[in-house]
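Here's the structure, in structure tokens; my notes come after.
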Ligand code: SF4
Ligand code: ZN
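Residue numbers (the working numbering): -18 to 285.
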């Protein structure tokens, strides 16, 4: 909790204390910082190009709601760009249905077209059904979601798929891949993972990867964005949760740790990505882009 008697440098009451900077921020200055960070990540990494059709992946949570709002705020007057949103219902009890309501409200407020689809409609299963057959629910959900986001974004004519990974997510993903010694996935992190050009693959961009999760929560709250605070009932104990706790504890003791992890990643990835520029294959069963003969979605579907 921030000390409510503290003031921002501009004199307004503080809502955030950035320990790694030793500085208090008010709602106004925090918003400016978040927007500057968003623009800087896009600019430095050239995430958005002229005439892009940007599909924003919405979940109804604080991060993706902030992402859509930022795109609207920063780019709404760019006539060459088109911005629309996509949400996927995984079939998780009432959980996602409530999130979808928030996403609908946000898109209505911003006058942005929201496209909806579901696992049930496109893949023929719900996560609730899968959870009865396996303990690896999140593995299935993650693979199916990536598959469907790409497929739908492509069908909607998107040239970029914007996802709401924040700084905390990015730092966790880096450490998780170190723990698993997964160099292939490690290589695929970064602001625009999988830059490989393939007509069936929509490049994913991560404009929030340098913004702390806590700041996005405050940003969404300050701007009164409709978002759901609920957690998925399947997000139980897993490696990610342990890594999150570990990094948060280190950040508390050594402020700035999350930023340093991501900076370190960016510095070394430039060196190890040199020989990478391979081509994608297309799945023999469904035709979607993959690194294997059969894509992960088709492989997992066979197991259940
Ligand atoms: Fe899917 Fe829920 Fe797992 Fe997230 S926590 S991957 S929404 S099942
Ligand atoms: Zn396939």
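Beta carbons are placed, not taken as given, at the ideal position from N, Cα and C, and that holds for glycine.
Other residues of its chain near residue 247: CB distance less than 8 Å, five sequence neighbours each side excluded: Translated into the one-based positions of the chain shown, residue 247 becomes position 266. The residues are 171.
State the DSSP-derived secondary structure class of residue 139, mapped to helix, strand or coil. Stepping through the chain shown from its first residue, residue 139 is reached at position 158. Looking at residue 139 - three-state DSSP - the assignment turns out to be coil, as it is neither helix nor strand.
Given 7 Å as the limit, tell me if residue 209 has its C-beta closer than that to any heavy atom belonging to ligand 1. Taking the first residue of the chain shown as 1, we reach residue 209 at position 228. Every heavy atom of ligand 1 is 7 Å or more from the Cβ of residue 209, so no.
Go ahead and label residue 193 buried or exposed: buried means 16 or more other beta carbons lie within 10 angstroms of its beta carbon, across all protein chains shown. If you number the chain shown from 1, residue 193 lands on position 212. The residue is buried, with at least 16 neighbouring Cβ atoms inside 10 Å.
Just checking residue 279 against ligand 2 - is the residue's beta carbon closer than 7 Å to any of the ligand's heavy atoms? Within the chain shown, numbered from 1, the residue matching residue 279 stands at position 298. Correct: residue 279 has its Cβ closer than 7 Å to ligand 2.
Any idea what DSSP makes of residue 36, helix, strand or coil? As a first step, residue 36 must be located in the chain shown, where it is residue number 55. In the three-state scheme derived from DSSP, where H, G and I count as helix and E and B as strand, residue 36 is classed as strand.
Check: residue 71 C-beta below 7 Å from any heavy atom of ligand 1: On the chain shown, residue 71 is found 90 positions in, with the first residue counted as 1. Under cutoff, so the answer is yes.
Out of curiosity, what's the CA-to-CA distance linking residue 76 and residue 215? Sequence index remark: in the chain shown, residue 76 carries index 95 (1-based). Sequence index remark: in the chain shown, residue 215 carries index 234 (1-based). Spanning the two alpha carbons is a distance of roughly 10 Å.
Between the alpha carbons of residue 15 and residue 238, how many angstroms are there, rounded? Along the chain shown, one-based indexing puts residue 15 at 34. Along the chain shown, one-based indexing puts residue 238 at 257. Using only the alpha carbons, I get a separation of about 19 Å.
Return the Cβ separation of residue 271 and residue 262 in integer angstroms, given the expectation that the two are a contact with Cβ distance under 8 Å. Taking the first residue of the chain shown as 1, we reach residue 271 at position 290. Taking the first residue of the chain shown as 1, we reach residue 262 at position 281. For a cut-off of 8 Å, the C-beta gap from residue 271 to residue 262 is around 6 Å, short enough to register as a contact.
For residue 285, verify whether its CB is less than 7 Å away from any heavy atom of ligand 2. Your numbering for residue 285 matches position 304 in the chain shown. Result no, Cβ not under 7 Å from ligand 2.
For a test of your reading of the model: does the CB of residue 122 fall under 7 Å from any non-hydrogen atom of ligand 2? Yes or no. Sequence index remark: in the chain shown, residue 122 carries index 141 (1-based). Answer for residue 122: no, Cβ out of range of ligand 2.
Would you decide whether residue 245 is buried or exposed? Buried here means 16 or more other CB atoms lie within 10 Å of its CB. Counting from 1 along the chain shown, the entry for residue 245 is found at position 264. Note on residue 245: under 16 other CB atoms within 10 angstroms of its CB, so exposed under the neighbour-count rule.
Determine the burial state of residue 223: buried for a count of at least 16 other Cβ atoms within 10 Å of its Cβ, exposed for fewer. Indexing the chain shown from 1 puts residue 223 at position 242. Within a 10 Å sphere around the beta-carbon of residue 223 sit fewer than 16 other beta-carbons, which makes this residue exposed.
By the three-class DSSP mapping on this structure, what secondary structure does residue 65 have? Taking the first residue of the chain shown as position 1, residue 65 is located at position 84. Three-state DSSP puts residue 65 in a strand.
Is the stretch 124 to 139 close to the stretch 86 to 105, with three or more CB pairs under 8 Å? They touch, by the three-pair rule.
Endpoints, the beta strand (DSSP E) within which residue -1 is located: Translated into positions along the chain shown, residue -1 becomes position 18. Taken as a continuous stretch (DSSP letters only), the beta strand (DSSP E) holding residue -1 covers -3 to -1.
Considering just the uninterrupted stretch of the alpha helix (DSSP H) at residue 50, what are its terminal residues? Reading the chain shown from its first residue, position 69 is the one you call residue 50. Taken as a continuous stretch (DSSP letters only), the alpha helix (DSSP H) holding residue 50 covers 43 to 56.
Indicate, with yes or no, if ligand 2 has a heavy atom lying under 7 Å from the CB of residue 269. If you number the chain shown from 1, residue 269 lands on position 288. Yes, ligand 2 has a heavy atom inside 7 Å of this Cβ.
Roughly how many angstroms separate the alpha carbons of residue 207 and residue 52, rounded to a whole number? Within the chain shown, the letter at position 226 stands for residue 207. Within the chain shown, the letter at position 71 stands for residue 52. Spanning the two alpha carbons is a distance of roughly 16 Å.
From the DSSP output, in three-state form, read off residue 164 for me. Within the chain shown, numbered from 1, the residue matching residue 164 stands at position 183. Helix.
So, do the stretch 183 to 200 and the stretch 136 to 146 have three or more beta carbon pairs nearer to each other than 8 Å? They touch, by the three-pair rule.
Looking at residue -9 and ligand 2, is the gap between the Cβ and the nearest heavy atom below 7 Å? Here the question's residue -9 lines up with position 10 in the chain shown. Distances from the CB of residue -9 to the heavy atoms of ligand 2 are all 7 Å or more.
At least three beta-carbon pairs within less than 8 Å, the stretch 83 to 90 to the stretch 120 to 127: Counting Cβ pairs under 8 Å, fewer than three are found: no touch.
CA nearest to the CA of residue 266, picked from 252, 253, 282 and 251: Reading the chain shown from its first residue, position 285 is the one you call residue 266. It is 282 whose Cα lies nearest to the Cα of residue 266.
Determine the closest residue to residue 155 out of 277, 129, 250 and 3, with distance taken between C-alpha atoms. Within the chain shown, residue 155 is the residue found at index 174, counting from 1. Out of 277, 129, 250 and 3, the CA that lies nearest to the CA of residue 155 is found in 250.
If you scan the stretch 231 to 257 from start to end, which runs of the alpha helix (DSSP H) of 4 or more residues do you find wholly inside it? Segments of the alpha helix (DSSP H) lying fully in the stretch 231 to 257: 238 to 253.
If we require 4 or more residues per run, which alpha helix (DSSP H) segments fall completely within the stretch 54 to 133? Restricting attention to alpha helix (DSSP H) runs no shorter than 4 residues, the stretch 54 to 133 encloses them at 76 to 91, 100 to 103 and 108 to 114, ordered along the chain.
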